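Working notes, structure below.
Residue numbers (the working numbering): 5 to 576.
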């Protein structure tokens with residue numbers, strides 16, 4: 005045994021939780037770990053955004069198999085219930101949405117349209133460029149476009165783990181795909197155009213995921229939002245995703261490639277306590293709510309004490325979840341006076357769903373207490389040879405990339421050697437130990453004193469005067485997803501605002517889009533039995549009432565002679 009003078013205190017072991025806080029190892033439970041990795045990325049993004057002076061962000065974390073996205077506008081957003089691998093979990097976790105689109109997403113062409121994923125090549129065999137016999141993936145598309153340069157990767161590929169990325173296999177694969185498209189009656193595309201088309205499809209999937217946690221909930225991303233981008237593959241697609249969302253600013257931390265791990269070290273210590281109430285919200289209930297909150301605060305403070313932490317300096321956050329009587333969708337807001345809570349609920353409901361039911365009574369579903377102890381402060385990054393005002397270093401080399409339908413010459417810079425205040429014009433590639441960032445044409449970059457990289461949209465996208473009408477496997481997939489997302493959003497709003505048990509629980513409805521002739525364009529994955537009759541109802545209305553149609557009108561029908569099925573089934 006070591007003598008007492010040389011013994012060191014045992015290090016404190018704490019775990020990251022899905023709710024965004026740290027907890028002492030002895031109190032950690034598996035149910036709180038489901039999204040702990042992505043939660044670390046959101047915390048790292050939040051800290052980086054605050055340091056740069058940005059209050060409203062959407063996070064974009066792209067890795068090898070999936071992309072995680074989240075919304076932050078001053079406070080962490082959580083969900084109380086989620087489903088993982090078919091198992092329903094009722095545990096507080098950060099509201100992070102995942103989509104199966106990553107660097108390893110497999111590229112498919114079925115003779116009509118391009119698709120990226122949802123299946124992934126993983127790390128074994130990995131993309132075709134890994135030299136292990138893998139299929140073409142999104143990573144290969146970026147190699148084809150010059151947005152990943154094999155010369156800057158270590159020789160760790162192939163069966164022996166000692167070879168460089170295989171550019172030859174990538175070029176041969178995309179050349180074969182280009183021939184398949186031409187033989188199938190599609191447009192004549194070069195291998196680079198095919199690769200760029202697949203990237204556009206993947207970008208559309210990721211942009212749609214961000215819309216689900218932002219635009220779908222009433223947040224206008226074009227109003228002072230910043231895209232906080234991280235993950236090893238995020239920097240290659242950041243500009244393209246931001247353009248699809250109408251965002252003009254991107255933030256990339258110096259450790260963007262490993263920000264989830266870095267964010268765990270910056271997380272606060274958090275203890276959450278909540279209790280169900282399920283009573284009408286009225287003046288007589290307020291004393292009981294305050295009493296419950298006091299008890300929960302005492303329990304939360306005891307929770308810190310059991311971890312060996314003092315709660316003296318802890319920030320106390322009291323919240324309440326309210327919902328309209330007869331509905332199942334609750335909105336969480338700050339606890340306050342009765343009048344303020346009613347006003348805040350109405351504003352939140354209008355923002356998320358586009359309308360309010362001011363005369364409908366409210367139900368207090370639950371109250372929540374959260375105690376927060378500040379975590380570690382972010383340390384400065386060691387950046388050799390880059391004092392403020394230092395000269396801009398020469399690029400490592402110039403490369404050729406394919407972007408927006410043509411080739412460009414782009415300088416390659418080592419990011420850690422760029423001095424604060426350095427300005428970067430597009431196109432350009434930035435390399436750092438954990439990721440590659442591409443500044444696409446129309447964007448510019450600047451390095452902050454903290455080492456953060458800010459990308460700004462310089463050009464305003466032009467308006468397309470006309471579009472070709474011939475079959476295009478790229479646009480076919482993009483518009484298919486766009487139309488389907490509209491139908492899915494319709495279903496989301498219908499379910500979340502419904503009073504009927506048939507709608508909100510049994511999901512007995514279908515949503516779809518039809519063209520001017522009543523032909524089906526796209527439908528969401530709802531109950532399919534309605535789809536056969538919906539089109540007939542639309543066609544009947546067009547035949548009978550086309551002259552009376554006005555923008556903003558709502559028509560309802562359940563006529564059995566014009567597509568109606570059951571008496572209570574109504575086509576809107």
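Think of the CB as a built atom: it goes at the ideal place given N, C-alpha and C, for glycine as much as any other residue.
A quick note: this is a predicted structure, and the numbers were derived from the prediction, not measured.
Endpoints, alpha helix (DSSP H) assigned at residue i
i           : result
residue 488 : 477–501
residue 353 : 342–357
residue 203 : 195–216
residue 310 : 290–310
residue 268 : 263–270
residue 50  : 40–56
residue 233 : Looking at the DSSP string, residue 233 is not in any alpha helix (DSSP H); the run it does join, the beta strand (DSSP E), is 230–234.
residue 249 : 238–249
Delimiting residues of the beta strand (DSSP E) encompassing residue i
i           : result
residue 411 : 410–418
residue 160 : Neither: residue 160 is in no beta strand (DSSP E) and is coded neither H nor E.
residue 368 : 366–377
residue 28  : 26–28
residue 65  : 61–66
residue 401 : 401–407
residue 552 : Unbroken run through residue 552: none, as it is neither H nor E.
residue 255 : 253–256
residue 88  : 86–88
residue 331 : First-last for residue 331: undefined, no H or E at that position.
residue 124 : 118–124
residue 19  : 18–20
residue 109 : 109–113
residue 103 : 101–103
residue 72  : 71–76
Of the residues the options, the one placed nearest residue i, counting alpha carbons only
i           : options            : result
residue 546 : 370, 376, 518      : 518
residue 227 : 428, 59, 503, 441  : 59
residue 193 : 118, 147, 293      : 118
residue 329 : 157, 41, 367       : 367
residue 331 : 365, 197, 287      : 365
residue 190 : 445, 513, 114      : 114
residue 164 : 293, 135, 145, 174 : 135
residue 77  : 229, 337, 561      : 229
residue 540 : 490, 523, 125      : 523
residue 282 : 307, 333, 313, 265 : 333
residue 41  : 448, 485, 304, 234 : 234
residue 353 : 377, 184, 378, 327 : 327
residue 498 : 356, 196, 133, 104 : 356
residue 426 : 520, 450, 437, 525 : 450
residue 359 : 501, 527, 35       : 501
residue 27  : 85, 307, 299       : 307
residue 562 : 106, 554, 537      : 537
residue 487 : 176, 305, 527      : 527
Inter-residue CB distance, residue i and residue j (contact presumed, cutoff 8 Å)
i           : j           : result
residue 68  : residue 24  : With 8 Å as the limit, residue 68 and residue 24 do not qualify as a contact, their Cβ atoms being about 24 Å apart.
residue 87  : residue 97  : Not quite, the Cβ-Cβ distance comes to about 12 Å (not below 8 Å), so this is no contact.
residue 480 : residue 116 : 6 Å
residue 39  : residue 100 : 6 Å
residue 263 : residue 30  : Actually they are not in contact, since the Cβ atoms of residue 263 and residue 30 sit about 28 Å apart, beyond 8 Å.
residue 315 : residue 309 : 7 Å
residue 439 : residue 239 : 5 Å
residue 62  : residue 214 : 5 Å
residue 459 : residue 242 : 7 Å
residue 379 : residue 265 : So it is not a contact: roughly 14 Å between Cβ atoms.
residue 111 : residue 145 : 7 Å
In DSSP terms, what residue i is bridged to
i           : result
residue 144 : DSSP, once it has assigned bridges, lists no residue as partnering residue 144.
residue 559 : According to DSSP, which records beta bridges pairwise, residue 559 is partnered with nothing at all.
residue 449 : 428, 459
residue 320 : 375
residue 283 : 368
residue 167 : 161
residue 336 : 325
residue 95  : In the DSSP output, where bridge partners are listed per residue, residue 95 has none listed.
residue 360 : DSSP lists no partner for residue 360.
residue 518 : 524
residue 434 : 417, 441
residue 273 : 26, 377
residue 278 : 372
residue 83  : 97
query: Can at least three beta-carbon pairs, one atom from the stretch 249–266 and one from the stretch 335–350, be found at a separation below 8 Å?
result: no
message: Quick test of the definition: if touching needs 3 or more C-beta pairs under 8 Å, does the stretch 398–417 touch the stretch 426–445?
response: yes
query: Is the stretch 197–212 close to the stretch 398–405, with three or more CB pairs under 8 Å?
result: no
task: Inspect the CB distances between the stretch 368–382 and the stretch 264–276 and report whether three or more fall short of 8 Å.
output: yes
- prompt: Does the stretch 152–162 come close enough to the stretch 215–231 to have 3 or more Cβ pairs within less than 8 Å?
  reply: no
- request: Determine, using beta-carbon pairs with one atom in the stretch 440–448 and one in the stretch 165–178, whether at least three such pairs fall under 8 Å.
  value: no
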